[in-house]
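Counted the way the numbering used here counts, the sequence shown spans residues 3 to 213. Cβ atoms here follow ideal geometry from the backbone N, Cα and C, with glycine treated the same way. Predicted, not measured: the structure shown is a model, and the values here were computed from it. The block underneath contains the structure these notes are about, expressed in structure tokens.
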Amino acid sequence: MACGLIKYFESIFHLFFKVIEMERKTEYDVEQIFVDRWSPRAMSGEAIDDADLMSLFGAARWAPSAYNAQPWRFIYAKKQSAVWDTFFDLLAEMNQLWAKNASVLVVIVSRTDFEHDGKPNPTHSFDTGSAWENLALQGSAMGLVVHGMAGFDYAKAAKDLGVPDGYKIEAMIAIGKPGDKSQLPEKMRAIESPSDRKKVSEFVFEGRFRS
């Protein structure tokens with residue numbers, strides 16, 4: 003009896019520390035909002051309130067940009083809307099498997115030149131990435147799933163959504179309320195957890211680049 007209890011508590015002990023080891027750990031002090039954000043795929047299919055959706059875009063609005071050019075543009079479709087299929091059909095089959103339960107699909111676009119003088123804007127993608135990060139962090143803070151995607155047809159997106167020359171298709175986003183990962187395909191269930199990151203020393207160099 004005692005031996006059985008010992009084995010039981012040992013198993014609980016090891017399980018506890020296995021869970022702890024899976025948690026994201028930071029090397030330095032950073033705000034928890036950055037550590038908590040990740041990209042789940044499991045969504046419930048429930049609708050998101052328009053006010054909540056606009057809060058995400060409102061957060062993107064405050065991103066920094068060169069000359070305050072604000073080159074980002076967001077085109078969205080809500081589920082059950084007349085344009086949903088147009089957006090959904092842009093996705094690679096792999097992404098359709100889980101993004102079908104999103105409440106909103108978004109295409110991110112950037113303007114490639116400056117409005118004030120028409121000259122090329124070398125940081126249009128960089129600045130638009132800042133807006134995307136703001137949106138993603140706001141969504142995480144609100145308890146929503148916000149998952150960026152590169153797996154879609156870029157040329158078809160530009161054509162079907164009427165994006166003119168002078169603008170670049172950057173990425174797509176799936177937004178929704180959290181769901182049960184049991185709804186995901188088996189291979190996706192296995193990776194439905196926050197991923198780790200490289201150590202700071204692997205991408206920060208003093209004085210000179212190192213490979």
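Can you list, in chain order, the residues of its chain with a C-beta nearer than 6 Å to that of P196? Leave out the 5 residues immediately preceding and following it.
By one-based count along the sequence shown, residue 196 stands at place 194. Here the set comprises R26, W40.
Return the Cβ separation of L92 and D155 in integer angstroms, given the expectation that the two are a contact with Cβ distance under 8 Å.
Residue 92 sits at position 90 when you count from the first residue of the sequence shown. Residue 155 sits at position 153 when you count from the first residue of the sequence shown. L92 to D155, Cβ: 5 Å. Contact.
Buried or exposed (CB count within 10 angstroms, at least 16 for buried), P187:
Looking up residue 187 in the sequence shown gives position 185. P187 should be labelled exposed.
Using a 10 Å radius around the Cβ and a threshold of 16 neighbouring Cβ atoms, would you call H118 buried or exposed?
By 1-based counting over the sequence shown, the position of residue 118 is 116. The residue in question, H118, is exposed, as its Cβ has fewer than 16 Cβ neighbours within 10 Å.
Between P122 and T130, how many whole angstroms is the CB-CB distance? I'm expecting something under 8 Å.
Residue 122 sits at position 120 when you count from the first residue of the sequence shown. Residue 130 sits at position 128 when you count from the first residue of the sequence shown. With a Cβ gap of about 15 Å, P122 and T130 do not count as contacting.
On a CA-only basis, which of I177, K200, F36, D198 is nearest V109? Give me that one, please.
For the purposes of this step, residue 109 is taken as the residue at position 107 of the sequence shown. When each option's Cα is compared against that of V109, the closest is I177.
What is the DSSP secondary structure of R39, counted as helix, strand or coil?
Taking the sequence shown and counting its residues from 1, one reaches residue 39 at position 37. DSSP, read as helix, strand or coil, puts R39 in coil.
Check whether G153 and M96 have beta carbons under 8 Å apart:
To locate residue 153, count along the sequence shown from 1; it is residue 151. To locate residue 96, count along the sequence shown from 1; it is residue 94. Cβ distance < 8 Å, so G153 and M96 count as in contact.
For R212, the three-state DSSP class (helix, strand or coil)
Taking the first residue of the sequence shown as position 1, residue 212 is located at position 210. R212 falls in the coil class under three-state DSSP.
Taking one C-beta from the segment 164-179 and one from the segment 47-56 each time, how about it: are there three or more such pairs within less than 8 Å?
yes
At what residue ranges does the segment 148-213 contain a whole run of the beta strand (DSSP E), taking only runs of 3 or more?
Within the segment 148-213, the complete beta strand (DSSP E) runs of at least 3 residues are 169-178.
Classify A192 as buried or exposed, calling it buried when 16 or more other Cβ atoms lie within 10 Å of its own Cβ.
Position 190 of the sequence shown, counted from the first residue, corresponds to residue 192. When all chains shown are included, A192 counts as exposed.
Which listed residue (K200, M56, S67, V106) has its alpha carbon closest to that of H149
Position 147 of the sequence shown holds residue 149. When each option's Cα is compared against that of H149, the closest is V106.
Buried or exposed for V206, please, with buried defined as at least 16 other CB atoms from any protein chain shown within 10 angstroms of its CB.
Here residue 206 is taken as the residue at index 204 of the sequence shown, counted from 1. With fewer than 16 other Cβ atoms within 10 Å, it is exposed.
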